[in-house]
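Inspection log for the structure reproduced underneath, given as structure tokens.
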Amino acid sequence: LFFPIELHDGEIAGLIWVDAPVDGRRPSDDTLRLLEIFANLAAIAIENARLYQAEQRYAAELEQRVAERTAELAAQSRRLQAILDSAGESIQIMDRDGRVLYVNPAAERLTGFTAAEVVGHSTRFIAGNVSLQDRTLQDALLNGRSWSGVVANQRKDGTVYDSAITLTPLVDADGQVTGAVALCRDITPLKELERLKNQFVARIGHELRTPVANLKLYLDLLKRGKPERWPTYLATLASETDRLRRLIDSFLEMSQLDAGALLIRPTTFDLNQLLIDTREDVAPQAAERGLTLTVETAAALPPVTTDRSLIAQALARLLDNALKYTPPGGHIHLSTGVRDENGQRWVTLAVSDDGPGLSAEDQVHLYERFYRGEAARTLKVPGAGLGLPIAAAILQQLDGRLTVDNQAGQGTTFTMQLKAWRPEAHETPGD
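Now the structure itself:
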């Protein structure tokens, strides 16, 4: 006898085969019902086994998918973390109440606070007086808009800086604002640059006004004046024209230095010879002002390799200062020398005068552009306050130094220091 094992969907999963009885008699109806029940139970068992196997396969597939998705999310998280950590600008994440949830390394560098010090605390640590409770800011964030502004902030060490902040809302799946991401950028250098630009433009206008007014005045006098006065007018016009040219040259030099556009043409030369040449150029001016000009050149002075023209310009600025501030009958001394410092040999060129010297306040602002010292104001010495800043900037770009030795009321010595030329530093491989 054969009994089919039929599943609920009609599929025949197998057969139950019953051998014929030994006595050859037909099985009773009860026996047949039992066999039929057994076949049905076998079908149920097979279906359950198949369901279990299917569940196991699905569970394994689901586990694999979860593992793959988890690995993918972990990789995305690592990429996002790497992006945040390597970002050059300060990034902070905060909750709806303004508590810090995360700060990147750039934020730590900007504020001086570590992540451990600010996470869980108010954003005032990192965003100055910006608060998520601010009405204008709240309105923007709650409506899904970003907010931008500039605030003054304070670092951990107490220093103040200007920060440009952009806040972008974070929303959940239901569209509810859960917090914000703050991008902060230190714009203090930009503000300082803007201040210097405005100061520069204002000073240009101020400094140019006087020579231009004088030029106009003496041109008018030349038109209406008597011929015998023309030589005086022409001399004044020439003087004011030279003054105007010097001012414009100073402004252009300062602009080139600020832009890093100074063209440097290095050559190897002797500072002693430069000093001698310079003395010949300025001797007439010194004599005209009643000043004694002396030169002292060091023996066996090492040569220097730098831009001779720029060094001459820096020297001219220092000499112009000495000529302006040394009183009649005074003395200007030019000298060269050598000094060794930490294995480096420096060639020096000094300009000394016996003028009024520098006050303590002057020394604080010594290389500040447009600064006019106490002596300049007292003696009404003309100038734009750019000579020393230009000289110092030139020396800095030529990898040199400008130092000052001052005795108030007795005079000042400015010393240019340049690295001595070393033959071994200029040898090529195989020499």
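Start counting the sequence shown at -1; every next residue gets the next number (this note's numbering).
Backbone N, C-alpha and C define an ideal beta-carbon position, used for all residues, glycine too.
Reference residue i, options the options, closest by Cα
i: residue 310; options: 30, 177, 273, 159; result: 273
i: residue 433; options: 222, 234, 160; result: Since the first residue shown for the chain is -1 and the last is 429, residue 433 is missing from the structure and cannot be characterised.
i: residue 182; options: 226, 354, 253, 91; result: 91
i: residue 170; options: 163, 178, 164; result: 178
i: residue 191; options: 217, 246, 160, 146; result: 160
i: residue 139; options: 338, 180, 307; result: 180
i: residue 418; options: 361, 349, 399; result: 399
i: residue 79; options: 101, 315, 339, 201; result: 101
i: residue 117; options: 99, 106, 111, 110; result: 99
i: residue 352; options: 346, 396, 412; result: 412
i: residue 34; options: 23, 237, 4, 52; result: 4
i: residue 0; options: 404, 61, 12; result: 12
i: residue 231; options: 215, 243, 240; result: 215
i: residue 146; options: 137, 48, 162, 153; result: 162
i: residue 15; options: 111, 30, 268, 68; result: 30
i: residue 444; options: 355, 414, 149, 416; result: Lying before the first or after the last residue shown, residue 444 is absent from the chain, which here runs from -1 to 429.
i: residue 285; options: 261, 294, 270, 324; result: 324
i: residue 172; options: 157, 165, 142; result: 142
i: residue 144; options: 137, 150, 165; result: 165
i: residue 152; options: 397, 199, 110, 189; result: 110
i: residue 334; options: 271, 408, 41; result: 271
i: residue 198; options: 228, 245, 17; result: 245
i: residue 247; options: 208, 384, 82; result: 384
i: residue 283; options: 321, 396, 10; result: 321
i: residue 262; options: 46, 157, 394; result: 394
i: residue 500; options: 217, 296, 242; result: What is shown of the chain runs -1 to 429, which leaves residue 500 out entirely.
i: residue 307; options: 55, 396, 54; result: 396
i: residue 296; options: 268, 237, 17; result: 268
i: residue 408; options: 319, 350, 115; result: 350
CB-CB length for residue i against residue j, believed under 8 Å
i: residue 97; j: residue 175; result: That pair is no contact at about 14 Å.
i: residue 430; j: residue 104; result: This structure cannot speak to residue 430, because the chain is shown only from -1 to 429.
i: residue 184; j: residue 108; result: 6 Å
i: residue 301; j: residue 266; result: 5 Å
i: residue 251; j: residue 388; result: 5 Å
i: residue 312; j: residue 392; result: 4 Å
i: residue 331; j: residue 289; result: Not confirmed; about 11 Å, so no contact.
i: residue 264; j: residue 239; result: Not quite, the Cβ-Cβ distance comes to about 33 Å (not below 8 Å), so this is no contact.
i: residue 2; j: residue 37; result: 7 Å
i: residue 315; j: residue 386; result: 7 Å
i: residue 414; j: residue 347; result: 5 Å
i: residue 344; j: residue 299; result: So it is not a contact: roughly 11 Å between Cβ atoms.
Residues that residue i bridges to, as DSSP identifies them
i: residue 333; result: 294, 348
i: residue 177; result: 93, 168
i: residue 262; result: For residue 262, which the question treats as bridged, DSSP gives no partner whatsoever.
i: residue 404; result: 410
i: residue 303; result: 266
i: residue 399; result: 415
i: residue 339; result: 342
Residue i - DSSP class collapsed to helix/strand/coil
i: residue 9; result: coil
i: residue 167; result: strand
i: residue 385; result: helix
i: residue 73; result: helix
i: residue 27; result: helix
i: residue 324; result: coil
i: residue 425; result: At residue 425 the pLDDT is 47, less than 50, meaning the model places this residue with poor confidence; the figure from the coordinates comes in the next sentence. It is coil, neither helix nor strand.
i: residue 14; result: strand
i: residue 185; result: coil
i: residue 2; result: strand
i: residue 48; result: helix
i: residue 67; result: helix
i: residue 354; result: coil
i: residue 223; result: coil
i: residue 288; result: coil
i: residue 365; result: coil
Interface flag, residue i vs chain B, CB-CB below 9 Å
i: residue 354; result: Absent here is chain B; the protein component of the structure consists of one chain.
Start-end ranges of the beta strand (DSSP E) lying completely within the segment 79 to 162, minimum 3 residues:
88 to 93, 98 to 101, 145 to 152
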